[in-house]
Structure formats: structure tokens, C-alpha cells
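Enquirer:
Protein chains: 2
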Amino acid sequence: MNGRLFLVPAPLGDNPPEEVIPPYVFGQIAHVTAFAVEDIRTARRYLSRIGFRGKIDTLTFYEISEHSSMQDIEHIAEHFSEGLDMALISEAGMPAVADPGAALVALAHKAGVEVVPFPGPSSLMMALMASGMNGQCFAFAGYVPARTDARRRRLKELENRSRRNSETQILIETPYRSDALLQDILSVCEPSTKVCVAADITLPGQYIRTLTVAGWRKEGLVITKRPAVFLIYAGI
Amino acid sequence: MNGRLFLVPAPLGDNPPEEVIPPYVFGQIAHVTAFAVEDIRTARRYLSRIGFRGKIDTLTFYEISEHSSMQDIEHIAEHFSEGLDMALISEAGMPAVADPGAALVALAHKAGVEVVPFPGPSSLMMALMASGMNGQCFAFAGYVPARTDARRRRLKELENRSRRNSETQILIETPYRSDALLQDILSVCEPSTKVCVAADITLPGQYIRTLTVAGWRKEGLVITKRPAVFLIYAGI
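These protein sequences, in sequence, are chains U and C. Just so we're aligned, residue 67 is where the first sequence starts under this note's numbering, counting upward by one. Just so we're aligned, residue 67 is where the second sequence starts under this note's numbering, counting upward by one.
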């Protein structure tokens, strides 16, 4: 009998976990003793806060990062054959979405292991629903290129794709480049294109606003180094 | 001073709301007296379960459906200018994603109303994270066409797009056509293409499995009339 793989979300910042994840979920994983995580130190702190205080030292941690090789991840997956449940935890938000855990989930399916996702805060989904843009048709393209000319080309492509397919484009950027990204969006996109900035989602200071490019140029905005999701919509 | 617009998720089926939405969220909306909903009867039942029992008859309900005109929705948005908070509730999952509430959210932004999304179960996001497919690049195209030939053409397009962009394609279908859709996917897609079926997410009988088209053809599956999300991945 195989163990199961639980997919456990984490808060998007330093806010109390029970505000954004049902405590019922913490009960469902209370028996788990093995965790696949991106950073052991922050995972220990998180588990402490959700009911594992006092037994952290009895837990097994496996690290998965963008530098993990397929062999590393296959090694972690061997755990399943011992019949023990394991939980994959994200650093922030939903695991295996825009983070390196998906390879472990794929191996779980290959091994016939049951995969059990739990609900929690998804910055992409919460930004999408709060943007007022088309939620019937959308795409997420991850991080945009870091180099200015490649990034601007990419933004123009995304705007064109949005116009062609009436598709909301969701993008993210590392916090320290948030302001540069917004400036690039405002410089390459058409005045009528809608742009949503969703910063600090679920956190104190949450800021979510949708305006046209023309509106943003007029009003201006300094995001500073806050985590933010950007959405672009050029459809009718 | 404008009111705010709260975006409140609902369970994906008849399971207890507190299992999938943090009770903290119910506390945050306890003072709200106006609700924009798809179906007043089911909204009343849901609100009863999350703390509004005994005061349901004092609440104001506005119906938003796919048949609502822009004028209907502008009429609802007049509520904001009275300075009162309002909540938009989905029939299932996250409001304004794959449901008609997005127009109200767009009007809120136009009126400078603060939009506050809450976390909860997103069948699309939970299916994506549990699929083991690429979560760094994905697209949701909503419902596929109902007519067989148009649907098969569309599925082939989605498979090609997935291969070209290494992009996970997420699609949904009304429950009574789930089996027909799976059969169409298996008949038009390449043997090596991966297909995830995620049925009854967060509900008793939850079933989530990823196999190649060749694997599904061999194993077979009868989904019956359960709500399901389908994911296709043809990238490397």
C-alpha cells in the first residue's frame, strides 16, 4: 500500500496561517512525518505555527529547489513505496504552481500514489478574481525576461495575445523589479489596455487596482518592493 | 466614502464550508447585508451555514447571471455609492472566475471601490497543482465547444498550443458530458500527451489521476456525471 502525497498551501506572507488556510487542513496532515519543502528553516517555522510544535525534531525533511536534479527528486519519491504519507509545502501559496514541486507530483502519479491537494491562498487566482478581467479565459506565463528589450518584446506579445483571444494575461516578477515592470507595461501597451496591479494579496496593505494604461500613466503608482501580480487585458 | 466589494468563495459541493474556507473569512463578512449571487436560494442556504442563520430575511440579494445585462449590473453597482459593503458569492469555488461576476468587479474598479478577495477552493488551481504538469506556464480556455467536430478541432488546437509553448491546458465541461470529453481527448491527442482527470475535487470520492493518452486508452475510465477538470500537457 502506497502512501499519499498531500499538497499543502502556505500563507503569502507573515500573516496568521489560519486566516488564509482552513484549520481543518492542518488536522488532515497532523499525522504526517515527512515533508518535501523548498527551505527547511522556514518550513519548520510554518509547521510549528500549524500544530507541529514540540515534534519538529521527529520529522523528516527533503529539500526541493529549482536546482534539484531528477535523481534528487526520484530519491524523495522512494519514500512513497514505504507506505508513508508525505506533504509537499510551498514557501508561499499553492505548491507545485510556479514552484519546483511539480516534478515530485508527476513522479507520484507515475508511482500510482494518491495526490491530495488542499485549498489555500493562490495569489494568481485571487489577483484574477479581484481584477474584474476575463476569468473565463486566461493564461499565466510566469516570470517575464529580466533584460529590458526582451521583456518589452514579451509584454507586447502578451498584449497581442490578449487582444486576439480576449485572454487575461497573468504575470509575476521578483518584488524588487515590480516598479520597473509596471513602467515597461505602461510604455509598451496601448492606452486602452487594462492593467491590474495586485500587491501584498491577503496581507496588511493589500493593494488591488485595475485601470487602463492611460489611467495609470495619469495617476502614477510606486509599488516599492512588495510581492505583486500583474494582469493585462486588451480584449473587448 | 465608498463601500467595499468582498469576493467570497463557496465549497465545490455539499461538503462543510469550514473544511475548505477559513472560518476567519466568515467573520470578515459577518457585517455585510448585501449580496450579489447567482442563485438566491442556494446563496441563502450557504449564508445560513456560515453564520447568518436567523438574519437571512434582513439581507438584500441581487442576482447576477449570464443573462444579466450591463444595465442590470450597473444597477447593482449603485449600491457602492451608498457607502455599504457588498459581497459577491459564487455558486461553487472562486467568484468572478469562470462565472458572470467579473463585470461587477470591473464596475467596482471603475467606481474606485476597494475589492477584497478571500481565499478558498479553486478547482482549476487545485487540479493544476495536483496534476504534476507545468505550473509555471498554463492557460484556461473555459468550456470546449459542444458540437463534436468543433470540439475535436479545439482539442487538437489546445494540444498543439501545449506542445509549442510547454503550456498546461486546463479545460472544464458540464458534468454530463465529462465522459464524452475524455473520449474525444483520447481519440484526437497523441499517445505521449499527458492527460489529468480531476473529479469531485475536495469532495468525498475525489479522483485525480495523470496518465498519458496511451495509458488512459489501456486503463479506461468512467467518470460518470461528476464535476471534473481536465488538463492536457504535450510539452517535454
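The C-beta atom is built at its ideal place from N, Cα and C for all residues, glycine as well. Remember, predicted model here, so these are calculated numbers, not experimental data.
1) So residue 86 of chain U and residue 187 of chain U are in contact, right, with Cβ under 8 Å, and what is the actual spacing, rounded?
2) Just to confirm my understanding: we take residue 282 of chain C, look at its own chain, exclude 5 residues before and 5 after, and list those with CB closer than 7 Å. What are they?
3) Using a cut-off of 7 Å between C-beta atoms, extract the partners of residue 140 of chain U located in chain C.
4) Evaluate residue 270 of chain C with the Cβ neighbour count: other Cβ atoms within 10 Å of its Cβ, from every protein chain shown; 16 or more gives buried, anything less gives exposed.
5) To the nearest angstrom, report how far apart residue 284 of chain C and residue 275 of chain C are at their CA atoms.
6) Tell me, to the nearest whole angstrom, how far the beta carbon of residue 73 of chain U is from that of residue 196 of chain C; I am working on the premise that it is less than 8 Å.
7) Quick check on residue 195 of chain U - is its C-beta less than 9 Å from some C-beta in chain C?
8) Please classify residue 215 of chain C as buried or exposed, where buried requires at least 16 neighbouring CB atoms within 10 angstroms.
9) Step through the CB atoms of chain B and report whether any lies within less than 9 Å of the CB of residue 200 of chain U.
10) So, are the CB atoms of residue 99 of chain C and residue 125 of chain C less than 9 Å apart?
11) For the alpha helix (DSSP H) containing residue 281 of chain U, name the first residue and the last one.
12) Using a Cβ cut-off of 9 Å (strictly closer), state whether residue 109 of chain U contacts chain C.
13) Checking the sheet assignment: what are the DSSP bridge partners for residue 181 of chain U?
14) Is it buried or exposed, residue 136 of chain C, if we count other Cβ atoms within 10 angstroms and call 16 or more buried?
15) Excluding five sequence neighbours on each side, which residues of the same chain lie with their C-beta closer than 8 Å to the C-beta of residue 68 of chain C?
16) Which residues does DSSP list as the beta-bridge partners of residue 262 of chain C?
17) According to DSSP, is residue 117 of chain U helix, strand or coil?
18) The alpha helix (DSSP H) that contains residue 234 of chain C, what's its start and end?
19) Mark residue 288 of chain C as exposed unless 16 or more other C-beta atoms lie within 10 angstroms of its C-beta, in which case mark it buried.
20) What does the alpha-carbon distance come out to for the pair residue 219 of chain U and residue 245 of chain U?
21) Does chain C have any CB closer than 9 Å to the CB of residue 90 of chain U?
22) With 7 Å as the limit, tell me which residues of the stretch 201 to 212 of chain C have their beta carbon closer than that to any beta carbon of chain U; keep them in chain order.
23) With distances taken from CA atoms, which of U:238, U:239, U:217 and U:280 is nearest residue 304 of chain U?
24) Give me, in chain order, the residues of the same chain whose beta-carbon lies closer than 8 Å to that of residue 97 of chain U; leave out the 5 immediate sequence neighbours on both sides.
25) For residue 158 of chain C, collect the residues of the same chain with a Cβ closer than 6 Å to its Cβ; drop the 5 residues on either side in sequence, then sort them by chain order.
26) What residue ranges within the stretch 138 to 192 of chain U form continuous beta strand (DSSP E) runs of no fewer than 3 residues, ordered along the chain?
27) Relative to the alpha-carbon of residue 127 of chain C, which residue among C:266, C:296 and C:104 has its alpha-carbon at the smallest distance?
28) Residues of chain U with a CB under 9 Å from the CB of residue 73 of chain C: which are they?
29) Please return the same chain residues whose Cβ sits closer than 8 Å to the Cβ of residue 209 of chain U, not counting the five positions on each side in sequence.
30) Along the beta strand (DSSP E) that carries residue 103 of chain C, what are the first and last residues, could you check?
31) Give me, in chain order, the residues of the same chain whose beta-carbon lies closer than 6 Å to that of residue 143 of chain U; leave out the 5 immediate sequence neighbours on both sides.
32) Residue 203 of chain C and residue 226 of chain C - do their beta-carbons sit closer together than 9 Å?
33) In or out: residue 167 of chain U buried (at least 16 other Cβ within 10 Å) or exposed?
34) Taking Cβ positions, are residue 156 of chain U and residue 267 of chain U nearer each other than 9 Å?
35) Please tell me whether residue 122 of chain U has its Cβ less than 9 Å away from any Cβ of chain C.
36) For residue 96 of chain C, which three-state DSSP category applies?
Expert: In short, the structure shows the following:
1) 4 Å
2) 252 and 261
3) Going along chain C, no residue has its Cβ under 7 Å from residue 140 of chain U, so there is no contact; the nearest lies around 14 Å.
4) exposed
5) 14 Å
6) 6 Å
7) yes
8) exposed
9) Absent from the structure: chain B. Protein chains present are U and C.
10) yes
11) 279 to 285
12) no
13) U:71
14) exposed
15) 146, 147, 149, 177, 178, 179 and 180
16) C:276 and C:297
17) helix
18) No alpha helix (DSSP H) holds residue 234 of chain C; the beta strand (DSSP E) holding it covers 234 to 239.
19) exposed
20) 18 Å
21) yes
22) 201, 202, 203, 204, 205, 206, 207 and 208
23) Coverage of chain U is limited to positions 67 through 302, which leaves residue 304 of chain U absent and any answer about it impossible.
24) 151
25) 76 and 78
26) 152 to 155 and 180 to 183
27) C:104
28) 192, 195 and 196
29) 237, 238, 239 and 240
30) 100 to 103
31) 173
32) no
33) buried
34) no
35) no
36) coil
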